[in-house]
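What follows is one structure encoded as structure tokens, with my remarks underneath.
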Amino acid sequence: MLVEIVLLFVLVLVYAVLRDRRPRNCPPVSDCTTGFHLLPPGVVSSNGVHWQHDRRFVLRNLRNLGMGKDHLEEAINIEGKALVEDLKKYGGEAINFPDSFKTVALNIIWQMVASTRYDLRSKEVETIHRMTNELREKFTPLSVLPSFVPALDHLPKSVKNFLFGDDIFERFVEEMKVVVNEAVDKHLEDYDSDNPRDLIDEYIKDMKASEGDNNSLYRKGALNQIVNDLFGAGSDTVSHMLRWMAYLLARYPEYATRMQQQIDAVVPRDRMVSLDDKPSLPLVEAFTVEALRYSSMVVYNVQRSAHRDTTINGYFIPKGTMIQVGNYSIHRNPRYWDDPHKFYPERFLDDSATKYTAPNIGFFAFGSGRRQCAGELLARMELFLFTAAIIQNFDVIPPKGVVLSQKDIVNLGGLRTPADKKLIYRPRN
């Protein structure tokens, strides 16, 4: 900690020296040749007209491709069955969180975006998640400092690599570019205007229709960024929430037993739980929503930039200020939640515990307002159906003598997640 404080002090001094080297009249986000760059397109980090355009495109096409519809539920349950079969292959032995948690989540979004489905134990998926894990494991608080002090881009590359891990991040970005570019380039090669298959094809259709329009925001670079955003937001976050689900089932077996009883009373053992069953399974829904609140998996929301001077609760926010919402703080605030540090699914049930009740204003797992997560409906479908599949088919328990506690939670690159710890997925009779 002392080393980081000293480094931070040095960096502040460096910033004080460098800040006046930025050309006069060059706005905070511009194309001036000083290390400052235009914000990218896409739906995560963009602002203004780029964000409005790309978000509308994504929302429209995710709905058209099935988000919230019956055939997407069928696709999720196909992955749910594959997940159940994969877990059975371990024969009840204690294992770390399985790779299938990663793959089932990836397959859903990747089928909608690129018409691709991976085998649950494929080498491609292993490579993708190895890169993601390496980035998160080597992430430190200093890694985000250049986002708040852009002048630090002037430091020598060797210094930035040492202090901020820039080389790790750049390697991750480049390898992800390969994955995304290959998918987009393949679609451009075999694109059939009469038979669009997925979100990439729909974007190509609009891009071709706007050829010759110099003001069009449809372009290949924007498509690549959209695909990259959906790839990360739609798969990595869901896979880590499945880790949370397994961890919480093992840590609170009393809830697992009650949910199994609820499912068994409604759903035959030879049938997967469906969304039509949800009204009869209030505790299962309450469990998944409380897991989202309790985990506060995304500790801080994506950075946003104030596009004009404003005042919030007496605090002056100048135009261009980078702002992040603290999801964890909101979810732990007693102003919104009774006993906020307690895992308590009943907070989302009515007094009779027979009906699910929606979260109050303090629920921020998917953001809020115009920036609310575009894939929230899809994520909720996945978490409910995948969690129900695990509960219906397995008792998730720690190995004998192992006690799970809050100490098992780690921070990986801004994500709160259970550390790898062996659990047993014991098939139910």
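FYI, in mature numbering (1 follows the signal peptide of the UniProt record, and there is no 0) the residues of the sequence shown are -16 to -1, 1 to 413. Note that the Cβ used here is the ideal one computed from N, Cα and C, for glycine as well. Just so you know, these numbers come straight off a predicted model, no measurement behind them.
Kindly give me the distance between the Cβ atoms of residue i and residue j, rounded to whole angstroms, as I take these residues to be in contact under 8 Å.
{"i": "methionine 365", "j": "leucine 259", "result": "7 Å"}
{"i": "residue 414", "j": "valine 211", "result": "It is not possible to answer for residue 414, since the shown part of the chain is limited to -16 through 413."}
{"i": "valine 257", "j": "alanine 372", "result": "4 Å"}
{"i": "aspartate 379", "j": "alanine 240", "result": "7 Å"}
{"i": "leucine 361", "j": "isoleucine 60", "result": "About 12 Å separates the two Cβ atoms, so there is no contact after all."}
{"i": "asparagine 317", "j": "glycine 346", "result": "6 Å"}
Near residue i, which residues of its chain fall below 6 Å by C-beta distance, leaving aside the five closest residues on each side in sequence?
{"i": "serine 200", "result": "Ser194"}
{"i": "tyrosine 231", "result": "Pro402"}
{"i": "threonine 100", "result": "Trp94"}
{"i": "residue 501", "result": "The chain is shown only over -16 to 413; residue 501 falls outside these bounds and no answer can be derived."}
{"i": "leucine 104", "result": "Ala66, Asp70, Ser84 and Thr87"}
{"i": "proline 25", "result": "His34, Asp38, Ala206 and Gln209"}
{"i": "threonine 305", "result": "Ala290"}
{"i": "residue 433", "result": "There is simply no residue 433 to check, as the chain begins at -16 and stops at 413 in what is shown."}
What number of angstroms, rounded off, separates the C-alpha of residue i from the C-alpha of residue j?
{"i": "serine 30", "j": "glycine 351", "result": "16 Å"}
{"i": "glycine 19", "j": "leucine 139", "result": "Residue confidence for glycine 19 is low, a pLDDT of 30 falling below 50, so the modelled location carries little weight and cannot support an answer."}
{"i": "threonine 87", "j": "serine 223", "result": "8 Å"}
{"i": "glycine 196", "j": "arginine 203", "result": "11 Å"}
{"i": "phenylalanine 271", "j": "aspartate 213", "result": "28 Å"}
{"i": "arginine 44", "j": "leucine 183", "result": "10 Å"}
{"i": "valine 282", "j": "leucine 396", "result": "10 Å"}
{"i": "phenylalanine 327", "j": "lysine 391", "result": "15 Å"}
{"i": "arginine 253", "j": "glutamate 158", "result": "45 Å"}
{"i": "isoleucine 79", "j": "serine 336", "result": "38 Å"}
{"i": "residue 420", "j": "isoleucine 92", "result": "Any answer about residue 420 is impossible in this case: the structure gives the chain only from -16 up to 413."}
{"i": "histidine 325", "j": "alanine 349", "result": "16 Å"}
{"i": "lysine 405", "j": "methionine 229", "result": "13 Å"}
{"i": "proline 382", "j": "arginine 235", "result": "8 Å"}
{"i": "valine 286", "j": "asparagine 413", "result": "44 Å"}
{"i": "arginine 227", "j": "phenylalanine 215", "result": "18 Å"}
{"i": "glutamine 147", "j": "glutamine 209", "result": "The question names glutamine, but residue 147 is leucine in the sequence shown. Cα to Cα, leucine 147 sits roughly 27 Å from glutamine 209."}
{"i": "alanine 66", "j": "aspartate 248", "result": "21 Å"}
{"i": "glutamine 245", "j": "aspartate 178", "result": "49 Å"}
{"i": "serine 142", "j": "aspartate 323", "result": "47 Å"}
{"i": "phenylalanine 332", "j": "glycine 359", "result": "22 Å"}
{"i": "leucine 90", "j": "glutamate 58", "result": "16 Å"}
{"i": "glycine 32", "j": "arginine 355", "result": "12 Å"}
{"i": "aspartate 169", "j": "leucine 49", "result": "21 Å"}
{"i": "lysine 339", "j": "proline 263", "result": "7 Å"}
{"i": "asparagine 311", "j": "tyrosine 284", "result": "5 Å"}
{"i": "valine 386", "j": "lysine 192", "result": "58 Å"}
{"i": "residue 502", "j": "glycine 398", "result": "No answer is possible for residue 502: the residues shown for the chain start at -16 and end at 413."}
Three-state secondary structure (DSSP) at residue i?
{"i": "arginine 39", "result": "helix"}
{"i": "glycine 149", "result": "coil"}
{"i": "tyrosine 320", "result": "coil"}
{"i": "alanine 98", "result": "helix"}
{"i": "arginine 410", "result": "strand"}
{"i": "leucine 333", "result": "strand"}
{"i": "alanine 135", "result": "helix"}
{"i": "tyrosine 340", "result": "strand"}
{"i": "alanine 78", "result": "strand"}
{"i": "asparagine 45", "result": "helix"}
{"i": "valine 211", "result": "helix"}
{"i": "valine 28", "result": "coil"}
{"i": "arginine 350", "result": "Checking the sequence shown, residue 350 turns out to be phenylalanine, not arginine. Residue state, collapsed to three classes: coil."}
{"i": "lysine 141", "result": "helix"}
{"i": "lysine 326", "result": "coil"}
{"i": "glutamate 166", "result": "helix"}
{"i": "residue 442", "result": "This structure does not reach residue 442, given that the chain is present from -16 up to 413, and the question cannot be answered."}
{"i": "residue 441", "result": "An answer regarding residue 441 cannot be provided, because it is not within the stretch -16 to 413 covered by the chain."}
{"i": "serine 200", "result": "coil"}
{"i": "proline 180", "result": "coil"}
{"i": "aspartate 70", "result": "helix"}
{"i": "aspartate 185", "result": "helix"}
{"i": "leucine 361", "result": "helix"}
{"i": "glutamate 195", "result": "coil"}
{"i": "leucine 104", "result": "coil"}
Who are the Cβ neighbours of residue i in its own chain at under 7 Å, not counting the five residues just before and after it?
{"i": "histidine 37", "result": "Leu201"}
{"i": "proline 411", "result": "Lys72, Gly76, Asn377 and Phe378"}
{"i": "isoleucine 188", "result": "His171, Leu172 and Tyr175"}
{"i": "leucine 74", "result": "As written in the sequence, residue 74 is tyrosine, which differs from the leucine given in the question. Tyr409, listed in sequence order."}
{"i": "aspartate 185", "result": "His171 and Tyr175"}
{"i": "lysine 144", "result": "Asp150"}
For residue i, collect the residues of the same chain with a Cβ closer than 8 Å to its Cβ; drop the 5 residues on either side in sequence, then sort them by chain order.
{"i": "leucine 388", "result": "Tyr231, Ala234, Arg235, Pro382 and Lys405"}
{"i": "isoleucine 393", "result": "Arg400, Thr401, Pro402 and Ala403"}
{"i": "cysteine 357", "result": "Ala217, Phe350, Gly351 and Ala363"}
Open item on the list: Report the start-end ranges of each beta strand (DSSP E) in the segment 218 to 293 that is 3 residues or longer and not cut off at the edges.
Closed with: Complete beta strand (DSSP E) runs here, min 3: none at all.
Task: 3-residue-minimum beta strand (DSSP E) runs that sit fully inside the segment 291 to 317, ordered along the chain - done: Complete beta strand (DSSP E) runs here, min 3: 294 to 296 and 299 to 301.
TODO: Scan the segment 372 to 405 and note each continuous beta strand (DSSP E) run of 3 residues or more that stays entirely inside, going in chain order.
DONE: Correct list: 378 to 381, 393 to 396 and 399 to 402.
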